[in-house]
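Enquirer: Take the sequence shown: its position 239, counted from the start at 1, is 240 in this note's numbering, and no numbers get skipped.
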Amino acid sequence: METIDVSRADAGIVTITLNRPEKKNAINAPMWNELLTTFREIGANPGVDRVVIVTGAGGAFCSGADLSSGLSVSGRQRNQLFDMRHVADVCLALHRLPQPVIAKVGGVAAGAGANLAFGCDLIVASDEARFTEIFARRGLTIDAGGSWLLPRLIGLHRAKELALFADIISAKEAEAFGLVNRVVPAGELDAFVDDWATKLAAGPPIALAQTKALLNNSFQVTLEQALEDEGRAQTVNGATADTAEALKAFLEKRPPQFEGR
Numbered sequence: 002m003e004t005i006d007v008s009r010a011d012a013g014i015v016t017i018t019l020n021r022p023e024k025k026n027a028i029n030a031p032m033w034n035e036l037l038t039t040f041r042e043i044g045a046n047p048g049v050d051r052v053v054i055v056t057g058a059g060g061a062f063c064s065g066a067d068l069s070s071g072l073s074v075s076g077r078q079r080n081q082l083f084d085m086r087h088v089a090d091v092c093l094a095l096h097r098l099p100q101p102v103i104a105k106v107g108g109v110a111a112g113a114g115a116n117l118a119f120g121c122d123l124i125v126a127s128d129e130a131r132f133t134e135i136f137a138r139r140g141l142t143i144d145a146g147g148s149w150l151l152p153r154l155i156g157l158h159r160a161k162e163l164a165l166f167a168d169i170i171s172a173k174e175a176e177a178f179g180l181v182n183r184v185v186p187a188g189e190l191d192a193f194v195d196d197w198a199t200k201l202a203a204g205p206p207i208a209l210a211q212t213k214a215l216l217n218n219s220f221q222v223t224l225e226q227a228l229e230d231e232g233r234a235q236t237v238n239g240a241t242a243d244t245a246e247a248l249k250a251f252l253e254k255r256p257p258q259f260e261g262r
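(1) Roughly how many angstroms separate the alpha carbons of Asp-191 and Ala-198, rounded to a whole number?
(2) Using DSSP bridges, identify the partner residues of Val-91.
(3) Taking the beta carbon of Arg-131 as the centre, do at least 16 other beta carbons fall within 10 Å, making it buried, or is it exposed?
(4) Using the Cα positions of Met-32 and Met-85, report the straight-line distance between them to the nearest angstrom.
(5) Just the C-alpha distance for Lys-254 and Asp-243, rounded to the nearest angstrom, thanks.
(6) In terms of residue numbering, what span does the beta strand (DSSP E) encompassing Thr-56 cover?
(7) Taking Val-7 as part of the beta strand (DSSP E), name the residues at either end of that continuous run.
(8) Could you check what DSSP says for Ser-69 in three-state terms: helix, strand or coil?
(9) For Leu-151, which residues of its own chain have a beta-carbon under 6 Å away from its beta-carbon, when the five flanking residues on both sides are left out?
(10) Using a threshold of 8 Å, state whether the C-beta atoms of Val-91 and Val-106 are closer than that.
(11) Have a look at the DSSP bridge pairing and note the partners of Val-184.
(12) Would Phe-62 and Val-109 be called neighbours here (beta carbons separated by less than 8 Å)?
(13) With 16 other CB atoms within 10 Å as the buried threshold, where does Gln-258 fall?
(14) Any idea if Arg-139 is buried or exposed, counting beta-carbon neighbours within 10 angstroms, 16 or more meaning buried?
(15) Return the residue from the list Asp-11, Met-2, Leu-36 and Ala-58 that minimises the CA-CA distance to Lys-24.
(16) Relative to the C-alpha of Leu-117, which residue among Phe-178, Phe-40 and Pro-256 is closest?
(17) Between Gly-44 and the ligand GDP, is the CB less than 7 Å from at least one heavy atom?
(18) Using the Cα positions of Leu-72 and Gly-65, report the straight-line distance between them to the nearest angstrom.
(19) Counting only C-beta atoms, is Val-55 closer than 8 Å to chain B at any point?
(20) Can you give me the Cβ contacts of Val-184 inside the same chain, cut-off strictly under 7 Å, excluding the 5 residues immediately before and after it?
(21) For Ala-9, I'd like the list of residues in its chain whose CB is within less than 6 Å of its CB, leaving aside the five on either flank, ordered along the chain.
(22) Where does Asn-46 land, buried or exposed, given buried means 16+ other C-beta within 10 angstroms?
(23) Under the rule that 16 or more other beta-carbon atoms within 10 Å means buried, what is Pro-186, buried or exposed?
(24) Could you say which of Ala-113, Pro-101, Leu-68 and Arg-262 lies nearest to Ala-89 if we only look at CA atoms?
(25) In angstroms with no decimal places, state the Cα-to-Cα distance between Leu-228 and Ala-234.
(26) With a CB to CB cut of under 8 Å and the five nearest residues on each side skipped, what residues in its chain are close to Leu-215?
(27) Within the continuous alpha helix (DSSP H) that includes Ser-148, where are the two ends?
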């Protein structure tokens with residue numbers, strides 16, 4: 002691909018690396034296209050790809066949308082409505098992935114790049130990372146799912162603070178806000194994320210996918226509906242070979258070997 006690298010490990014871990022380091026991995030039209038294609042392909046293969054890592058090349062995560070690639074000579078944005086529909090497709094494809102997704106953030110994560118990270122299930126940042134909802138400084142409104150994600154992650158007033166002031170915050174500040182799961186020294190970022198990914202890849206894929214879906218849907222349903230959904234999920238689990246293997250492994254006092262069936 003032109004703008005991203007996709008690599009796979011034997012354990013079922015697939016890593017998507019945003020690869021425009023000369024632009025701090027700013028997302029241009031080809032990258033939106035390649036992300037959409039990649040997310041959809043991975044989502045269709047949960048038995049092969051068990052965990053997804055999203056990261057950036059060259060010391061940055063993603064500096065946001067590449068606005069320079071969408072400007073006319075007059076400086077006006079071209080085909081904005083079409084572009085935003087395409088952005089929406091990418092955000093939905095990420096959200097709908099059945100696999101757990103870890104954002105590995107080193108360096109800057111700005112605008113759409115920050116919201117790409119926040120759209121992942123787990124976020125691990127190096128102590129050199131920094132985040133900003135930069136949109137207001139560019140005369141733009143928040144996008145890439147940020148208006149939906151931020152209030153759910155940190156509450157409405159915190160979300161407004163980040164979006165309206167468009168300040169740059171450190172990894173530690175992001176952790177204090179509740180935006181990231183862990184902050185680790187830059188030299189330990191790869192090892193920490195690899196450890197988390199390996200643990201998730203060894204887990205039961207069907208059960209993890211259902212747990213992710215239940216949590217993602219939790220703000221849209223009543224308690225009664227959530228309990229019904231949990232019951233249906235457990236019924237599915239009860240018919241899988243993985244649940245039988247987990248019970249057998251428990252009785253035999255050994256780690257289970259999940260196969261995703």
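Where a beta carbon is used, it is the ideal one built from N, C-alpha and C, also for glycine.
Expert: To lay it out plainly:
(1) Locating residue 191 in the sequence shown gives position 190, where the first residue counts as 1. Locating residue 198 in the sequence shown gives position 197, where the first residue counts as 1. Cα-Cα distance, rounded: 10 Å.
(2) Counting from 1 along the sequence shown, the entry for residue 91 is found at position 90. According to DSSP, Val-91 bridges with nothing at all.
(3) Position 130 of the sequence shown, counting from 1, holds the residue named residue 131. By the 10 Å Cβ count, Arg-131 comes out buried.
(4) What you label residue 32 is simply residue 31 of the sequence shown in a count that begins at 1. What you label residue 85 is simply residue 84 of the sequence shown in a count that begins at 1. Near 14 Å, if we compare the C-alpha coordinates of Met-85 and Met-32.
(5) The residue you call residue 254 lines up with position 253 of the sequence shown. The residue you call residue 243 lines up with position 242 of the sequence shown. Rounded to the nearest angstrom, the two C-alpha atoms are 16 Å apart.
(6) The sequence position of residue 56 within the sequence shown is 55, counting from 1. Thr-56 -> beta strand (DSSP E) spans 52 to 57.
(7) On the sequence shown, position 6 is the one that residue 7 refers to. Where Val-7 is concerned, the enclosing beta strand (DSSP E) stretches over 5 to 9.
(8) One-based indexing of the sequence shown puts residue 69 at position 68. In the structure shown, Ser-69 sits in a helix (DSSP, three-state: H, G or I).
(9) Reading the sequence shown from its first residue, position 150 is the one you call residue 151. For Leu-151, where only same-chain residues beyond five positions count, the Cβ hits under 6 Å are Ala-160.
(10) Numbered from its first residue, the sequence shown carries residue 91 at position 90. Numbered from its first residue, the sequence shown carries residue 106 at position 105. No; because the gap between Cβ atoms is not below 8 Å, this pair is not in contact.
(11) Stepping through the sequence shown from its first residue, residue 184 is reached at position 183. The partner list for Val-184 (beta bridge, DSSP) reads Ala-126.
(12) Numbered from 1 along the sequence shown, position 61 holds the residue referred to as residue 62. Numbered from 1 along the sequence shown, position 108 holds the residue referred to as residue 109. For Phe-62 and Val-109, yes; Cβs fall inside 8 Å.
(13) Reading the sequence shown from its first residue, position 257 is the one you call residue 258. So Gln-258 counts as exposed.
(14) Translated into the one-based positions of the sequence shown, residue 139 becomes position 138. Arg-139 is exposed by the Cβ-count criterion.
(15) As a first step, residue 24 must be located in the sequence shown, where it is residue number 23. Out of Asp-11, Met-2, Leu-36 and Ala-58, Ala-58 has the C-alpha closest to the C-alpha of Lys-24.
(16) Within the sequence shown, residue 117 is the residue found at index 116, counting from 1. Nearest option by C-alpha distance: Phe-40.
(17) As for the ligand GDP, it is missing from this structure, which has no ligand bound.
(18) As a position in the sequence shown, residue 72 is number 71, starting the count at 1. As a position in the sequence shown, residue 65 is number 64, starting the count at 1. Legend: pLDDT at Leu-72 = 47, less than 50; position of this residue unreliable, value from coordinates given subsequently. If you take the alpha carbons of Leu-72 and Gly-65, they lie about 15 Å apart.
(19) Protein chain content of the structure displayed is limited to a single chain, and chain B is not contained in it.
(20) One-based indexing of the sequence shown puts residue 184 at position 183. The answer, listed in chain order, is Ala-126, Asp-128, Ala-172, Lys-173 and Glu-176.
(21) As a first step, residue 9 must be located in the sequence shown, where it is residue number 8. It should be pointed out that residue 9 corresponds to Arg in this sequence rather than to Ala. Excluding positions up to five away in sequence, the list reads Val-15.
(22) Looking up residue 46 in the sequence shown gives position 45. With fewer than 16 other Cβ atoms within 10 Å, it is exposed.
(23) In the sequence shown, counting from the first residue as 1, residue 186 sits at position 185. So Pro-186 ends up on the exposed side.
(24) The residue labelled residue 89 in the question sits at position 88 within the sequence shown. Of the listed residues, the one whose Cα sits closest to Ala-89 is Ala-113.
(25) For this step, residue 228 is matched to residue 227 along the sequence shown. For this step, residue 234 is matched to residue 233 along the sequence shown. Straight-line Cα distance between these residues: approximately 10 Å.
(26) In the sequence shown, counting from the first residue as 1, residue 215 sits at position 214. Beyond the five residues adjoining it in sequence on each side, Leu-215 comes within less than 8 Å, by CB distance, of Ala-227, Asp-230, Glu-231 and Ala-234 in the same chain, given in chain order.
(27) Within the sequence shown, numbered from 1, the residue matching residue 148 stands at position 147. It spans 147 to 155 - the alpha helix (DSSP H) in which Ser-148 sits, taken as one unbroken run.
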